[in-house]
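Please read the structure below before turning to the comments.
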Amino acid sequence: MIDLGEARVVVTGAGGGVGRALCATLARLGAQVIACDVPEADLSAHAEAYHFDLRDRAAILSAADNILANGTPSVVISNAGWTRAETFQLCTPDVVEDELTRNFTGAAHFTQAFLPAMRAASGNRAFVFVSSVNALTHHGNPPYSAAKAAMLAWSRAIAVEEGRHGIRSNAVIPASIRTAAWEHRLQADPAILDKLAAIYPLGRIVTTDEVAAAVTFLASPAASGITGTTLTVDAGLMAGNLPFLDAIS
3 MIDLGEARVV VTGAGGGVGR ALCATLARLG AQVIACDVPE ADLSAHAEAY
53 HFDLRDRAAI LSAADNILAN GTPSVVISNA GWTRAETFQL CTPDVVEDEL
103 TRNFTGAAHF TQAFLPAMRA ASGNRAFVFV SSVNALTHHG NPPYSAAKAA
153 MLAWSRAIAV EEGRHGIRSN AVIPASIRTA AWEHRLQADP AILDKLAAIY
203 PLGRIVTTDE VAAAVTFLAS PAASGITGTT LTVDAGLMAG NLPFLDAIS
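All residue numbers for the sequence shown refer to the working numbering, where the first residue is 3 and numbers rise by one.
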């Protein structure tokens with residue numbers, strides 16, 4: 003059903019858990035993957051790869067120019083994200099600035115850089131932003147949450163203003179995903195994932211492959227009529243409050 007036949011697809015955060023799953027899924031469907039991540043990430047498996055930090059605007063724009071020099075991408079997937087400030091007590095001014103830049107501002111500069119060339123192209127063209135349930139309700143990580151909410155607004159803006167050029171833009175909203183980002187929490191509390199399972203209707207958190215499948219669908223021609231919306235991949239978390247139901251039953 004989904005064929006990305008040689009489409010050039012940019013993926014940020016390609017070296018992380020979701021990023022690796024995304025790149026594998028896209029490649030299996032025929033896409034030419036353009037992997038992007040921070041300088042220390044291992045992207046050696048990819049024929050076309052770029053290392054830059056989303057906090058470095060000059061590096062962001064240079065990477066975008068280099069990608070465009072090799073051909074206009076059909077799809078840009080903004081997947082990179084990072085957070086450590088889990089409560090307000092950890093939110094110093096520098097931390098707030100850092101997490102907003104890592105999770106929104108850098109992504110905004112990067113995606114905007116592709117718009118002129120993508121407007122002039124034809125065929126399936128799409129942006130997909132990997133946001134978070136933190137953008138919808140508060141689950142901690144205040145600066146990260148604010149950045150991910152901003153990303154949803156950015157995606158809608160592209161959808162509304164660029165639709166006339168045939169460009170689509172959507173977002174995937176995952177809940178907790180078992181990736182390396184959880185390692186510091188697991189070290190502090192090895193039982194944390196079991197505790198989390200109790201709040202999810204499916205009784206578990208989602209996998210990287212499940213998130214990748216949703217992103218790939220929205221990126222593909224199979225979603226040609228879908229723009230300006232979100233697809234939640236959260237094992238049912240946002241559908242309702244399971245602990246509350248258990249408490250009153």
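All C-beta atoms, glycine included, are put in the ideal place defined by N, C-alpha and C.
ask   = To the nearest angstrom, how far is it from the Cα of residue 124 to the Cα of residue 232?
value = Here residue 124 refers to the residue found at position 122 when the sequence shown is read from its first residue. Here residue 232 refers to the residue found at position 230 when the sequence shown is read from its first residue. Computed Cα separation, rounded: 24 Å.
Stretch-stretch touch, CB-based, cutoff 8 Å, three pairs: the stretch 191-206 with the stretch 161-171 = Result no; under three Cβ-Cβ pairs closer than 8 Å.
Own chain residues within Cβ distance below 8 Å of residue 12, not counting five before or after = On the sequence shown, position 10 is the one that residue 12 refers to. Answer for residue 12: 36, 38, 69, 75, 77, 78, 79 and 116, listed in chain order.
query = Mind checking whether residue 210 and residue 40 have CB atoms under 7 Å apart?
reply = Start at 1 with the first residue of the sequence shown, and residue 210 comes out as number 208. Start at 1 with the first residue of the sequence shown, and residue 40 comes out as number 38. Against a cut-off of 7 Å, the Cβ pair of residue 40 and residue 210 comes out as no contact.
message = Using only the alpha-carbon positions, how far apart do residue 22 and residue 43 sit?
response = Here residue 22 corresponds to residue number 20 of the sequence shown, with the count starting at 1. Here residue 43 corresponds to residue number 41 of the sequence shown, with the count starting at 1. When rounded, the distance between both Cα atoms is 11 Å.
Three-way DSSP call (helix, strand, coil) for residue 93 in this model = Reading the sequence shown from its first residue, position 91 is the one you call residue 93. If DSSP states are grouped into helix, strand and coil, residue 93 belongs with coil.
Enclosing alpha helix (DSSP H) for residue 160 [first to last residue] = By 1-based counting over the sequence shown, the position of residue 160 is 158. Residue 160 -> alpha helix (DSSP H) spans 144-164.
task = Could you pull out every unbroken alpha helix (DSSP H) segment of at least 4 residues lying fully inside the stretch 172-242, listed in chain order?
result = Listed in chain order, the complete alpha helix (DSSP H) runs (minimum 4 residues) inside the stretch 172-242 are 185-190, 194-199 and 210-221.
message = I want to know whether the stretch 127-144 touches the stretch 225-239 - three or more CB-CB distances under 8 Å.
response = Yes, since at least three Cβ pairs between the stretch 127-144 and the stretch 225-239 fall closer than 8 Å, the two stretches touch.
key: Euclidean distance between Cα positions of residue 172 and residue 194   = Looking up residue 172 in the sequence shown gives position 170. Looking up residue 194 in the sequence shown gives position 192. Here the alpha carbon of residue 172 sits roughly 31 Å from the alpha carbon of residue 194.
Three-way DSSP call (helix, strand, coil) for residue 139 in this model = The residue given as residue 139 occupies position 137 in the sequence shown. Coil.
task = Quick one: residues in its chain with C-beta nearer than 6 Å to the C-beta of residue 132, no 5 flanking neighbours on either side, listed in chain order?
result = On the sequence shown, residue 132 is found 130 positions in, with the first residue counted as 1. Non-local beta-carbon contacts of residue 132 in its own chain, meaning distances under 6 Å to residues more than five positions away in sequence, involve 81 and 174 in chain order.
request  = Under 8 Å by Cβ, that's how I've got residue 92 and residue 149 pegged, so tell me the actual separation to the nearest angstrom.
outcome  = Here the question's residue 92 lines up with position 90 in the sequence shown. Here the question's residue 149 lines up with position 147 in the sequence shown. The beta carbons of residue 92 and residue 149 sit about 15 Å from each other, so the pair does not count as a contact at 8 Å.
query = To the nearest whole angstrom, what separates the beta carbons of residue 90 and residue 152, a pair I think is in contact under 8 Å?
reply = Numbered from its first residue, the sequence shown carries residue 90 at position 88. Numbered from its first residue, the sequence shown carries residue 152 at position 150. Contact doesn't hold; Cβ gap of about 18 Å is too wide.
Bounding residues of the beta strand (DSSP E) (the contiguous stretch that carries residue 51) = On the sequence shown, position 49 is the one that residue 51 refers to. Run containing residue 51: 50-53, per the beta strand (DSSP E) assignment.
key: For residue 5, three-class secondary structure by DSSP   = Here residue 5 refers to the residue found at position 3 of the sequence shown. The answer is coil: DSSP assigns residue 5 none of H, G, I, E or B.
task = Could you pull the start and end residues of the beta strand (DSSP E) that residue 37 belongs to?
result = Residue numbering aside, residue 37 sits at position 35 when the sequence shown is read from its first letter. Here the beta strand (DSSP E) through residue 37 covers 34-39.
query = Exposed or buried, residue 142, counting other C-beta atoms within 10 Å across all chains shown (16 or more means buried)?
reply = Counting from one through the sequence shown, the residue named residue 142 turns up at place 140. Residue 142 is exposed by the Cβ-count criterion.
message = Taking 7 Å as the threshold (C-beta atoms), are residue 6 and residue 217 in contact?
response = Taking the sequence shown and counting its residues from 1, one reaches residue 217 at position 215. Taking the sequence shown and counting its residues from 1, one reaches residue 6 at position 4. No, Cβ-Cβ distance for residue 217 and residue 6 is not below 7 Å.
CA nearest to the CA of residue 122, picked from 221, 251, 73 and 192 = By 1-based counting over the sequence shown, the position of residue 122 is 120. Closest by alpha carbon: 73.
query = Candidates 9, 27 and 86: which alpha carbon is nearest residue 214's?
reply = By 1-based counting over the sequence shown, the position of residue 214 is 212. Selected option, being the one with the closest Cα: 27.
inquiry  = On the criterion of 16 or more Cβ atoms from any shown chain inside 10 Å, does residue 178 qualify as buried, or is it exposed?
reply    = To locate residue 178, count along the sequence shown from 1; it is residue 176. That one is buried.
request  = Give the DSSP bridge partners of residue 79, in chain order.
outcome  = The residue labelled residue 79 in the question sits at position 77 within the sequence shown. The partner list for residue 79 (beta bridge, DSSP) reads 13 and 130.
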